[in-house]
Amino acid sequence: MSAHTTEQKAAAIAAVIDTLDRLRVECPWDRKQTNESLRPNTIEEVYELCQALLNDDTADIKKELGDVLLHVLFYAKIAEEKEQFDAADVADALNAKLIYRHPHIFGDVKADDAETVIQNWEQLKLREKGGNRTVLAGVPEALPALVKAFRVQEKASNVGFDWHEPEGAWRKFTEEAEEFRAEVQKLDAERMEEEMGDLLFSLINVSRLYGINPENALERTNRKFIARFNHIESRAKETGRELSSMTLDEMDALWDEAKTAGIGNR
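Next comes the structure, spelled out in structure tokens:
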């Protein structure tokens, strides 16, 4: 495809805004939407975009980005009706933030690698008027626990609170595993949960230090497990059997069959 000019991109987004303005007046469904009614749909759209990204499906990524963009513009339209701000204010604020947080591009700060850029970004966020008051304040409380753990570790690392090498994180993981095993032997449910949390947090740290996103890694394993388990179920049905009537050894044999066939592998 040929790249569009900045003017063409702006015109295309302006056309969407014009369409949304009309829908907000003429469509009964669009007219009654509020921030509260849209929020669940927004969450769903973001997850659908994440799915498309995981699938590396270009057509689907384009479609889902459009859906997310619609929601951004819809919230801005609602705010405009309340005389709070509009889409231009959103874009202006974003542009100003990008310029402010990239002084190595728009100023005289030197940053030759991505790590320095990230460190500068976090420091600038702390100094911004109305910005985060603490290093970890910008991590949304509602994030899923695995994603939140990864983000708080990243942010702490950006200000120097991190292992000097991955081996240190590995030792911590081993230590946490032993502490969890000790609590399992005592069968103390509350302490077991606490130690399992520490164990998972330390494993996420190991993942991060080796440049692996644990969310992506776990989703890859989820998909692999689902594909192979579906194979077990399918093969069982071919012989007229229910999974509940099969022994674990029989299911394991079908699992190995799926594994040998590469089912679930990328």
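Here the sequence shown is numbered in this note's numbering, starting from 147 and rising by one per residue. From the three backbone atoms N, C-alpha and C, an ideal C-beta is built for every residue, glycine too.
- Counting other Cβ atoms within 10 Å of its Cβ, S353 reaches 16 or more and is therefore classed as buried.
- The criterion of a C-beta distance shorter than 7 Å is satisfied by N266 and A257.
- Distance from the Cα of L355 is smallest, within the candidate group W175, E300, K383, for E300.
- In the DSSP assignment, P312 falls within the alpha helix (DSSP H) that extends over 312–332.
- Here V285 really is in contact with K294; their C-beta atoms are around 6 Å apart, less than 8 Å.
- Remark: C-beta atoms of R170 and K223 approach each other more closely than 7 Å.
- Non-local beta-carbon contacts of F252 in its own chain, meaning distances under 7 Å to residues more than five positions away in sequence, involve I245 in chain order.
- Each residue's CA atom was taken as its position, placing L219 and V298 some 29 Å apart.
- Short of 7 Å from the beta carbon of W309, and not among the five residues preceding or following it, lie these beta carbons of its own chain, in chain order: A315, L355.
- Around the C-beta of A233, 16 or more other C-beta atoms lie within 10 Å, and the residue is accordingly described as buried.
- Around the beta carbon of I378, a 10 Å sphere encloses 16 or more other beta carbons of the protein chains shown; the residue is thus reported as buried.
- Apart from the 5 residues on each side of it in sequence, D206 sits with its Cβ closer than 6 Å to the Cβ of A198 in its chain, given in chain order.
- Our two residues, T393 and K383, have alpha carbons roughly 15 Å apart in a direct line.
- With fewer than 16 neighbouring CB atoms inside 10 Å of its own CB, R387 falls in the exposed class.
- Between the beta-carbon of F296 and that of I358 there is about 10 Å, and that puts the pair past the 8 Å contact cut.
- With respect to S348, E322 sits close: the two C-beta atoms are nearer than 7 Å.
- At the C-beta level, V214 and E191 come within 7 Å of one another.
- Residues R374, H377 of the same chain have their beta carbon placed closer than 6 Å to that of A404, with the five preceding and five following residues left out of the count.
- Secondary structure at S353: helix, using DSSP grouped into helix, strand and coil.
- The C-alpha of I372 lies about 25 Å from the C-alpha of L345.
- Sorting I264, D164, L270, D254 by C-alpha distance to the C-alpha of K243 places L270 at the top.
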